[in-house]
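Here the sequence shown stands for residues 1 to 171, where the numbers follow the UniProt record's numbering.
Where a beta carbon is used, it is the ideal one built from N, C-alpha and C, also for glycine.
All values reported here derive from a predicted model rather than from experimental measurement.
Below: the structure, in structure tokens.
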Amino acid sequence: MSIVRAANDASVVATSAPHGITSAIERFPLGPFVVPRLFIGLWQLSSPAWGSAGKSKMLSQFQKHVNAGFTAFADMADHYGDAEIVFGQFRSAYSGPESIFCATKYCVFEPTTVAKDGMGDAVSQRLANIKSDKIDLLQFHWHDVCFLPPDLIHRYIRTTHASFREIQHCI
């Protein structure tokens with residue numbers, strides 16, 4: 001069952017959750033996507049300090065989240081352990097992979113000039129890790145934003161609604 005709220009263009013989708021509980025998942029438009037208001041964060045896969053589980057248990061938990069209507073996974077990055085890789089294995093094996101939203105990061109940790117080649121390599125690696133030809137949401141994560149000249153900040157903001165091909169021309 002789907003109910004559309006005209007006031008904010010969000011919808012509530014009733015889904016079947018474990019133990020027969022019906023769960024209402026509110027969704028909202030994010031660019032061309034309609035996603036749940038709550039994303040499943042995968043940062044905890046970055047280190048055994050946050051706990052550990054075998055890959056089969058992680059994949060099982062991912063499936064439980066999707067079954068409950070939580071179809072958006074986020075907070076992945078190249079330095080968050082196997083988060084992107086395990087997510088990619090899950091989504092590529094899922095019968096409707098396009099229905100699972102992926103948000104990951106392109107991270108820069110040192111004051112440096114971001115170049116097209118480096119960015120292209122990083123995006124290509126993200127794509128390989130998530131086993132996809134597209135990234136639904138790529139977050140640019142830079143620790144030292146004060147290092148960016150104002151005109152460069154505007155160029156990065158301009159890439160927000162761009163394809164990878166368009167992003168290559170902005171840097």
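Residue i to residue j span [Cα, whole Å]
i    : j    : result
V34  : F28  : 5 Å
H79  : K64  : 25 Å
K116 : S124 : 12 Å
D151 : K105 : 22 Å
T113 : I130 : 26 Å
L137 : I25  : 20 Å
F140 : G88  : 20 Å
S52  : P32  : 35 Å
A95  : R37  : Note that residue 95 is Ser in the sequence shown, not Ala. Taking the straight line joining both Cα atoms gives about 23 Å.
G118 : V66  : 33 Å
K57  : A93  : 15 Å
Residues near residue i in its chain [Cβ-Cβ closer than 6 Å; skip 5 each side]
i           : result
L59         : F90
residue 174 : Residue 174 falls outside the range modelled here, since the chain spans only 1 to 171, and no answer is possible.
Under 8 Å between C-beta atoms of residue i and residue j
i    : j    : result
A72  : F39  : yes
A74  : L45  : no
M76  : L30  : no
C107 : I135 : no
Same chain, Cβ closer than 7 Å to residue i, five either side skipped, listed in chain order
i    : result
K55  : V86
F62  : F90
D133 : L127
S99  : T71
DSSP bridge partner residues for residue i (one or two, in chain order)
i   : result
P32 : Note: P32 sits in no beta bridge, so no partner.
8 Å Cβ shell around residue i - same chain, five flanking residues per side excluded
i   : result
P97 : R91, S132
For the UniProt domain "NADP-dependent oxidoreductase" (38–144), which segments carrying the beta strand (DSSP E) assignment without a break, of at least 3 residues, lie completely within its bounds, in sequence order? 72–76, 101–108, 137–142
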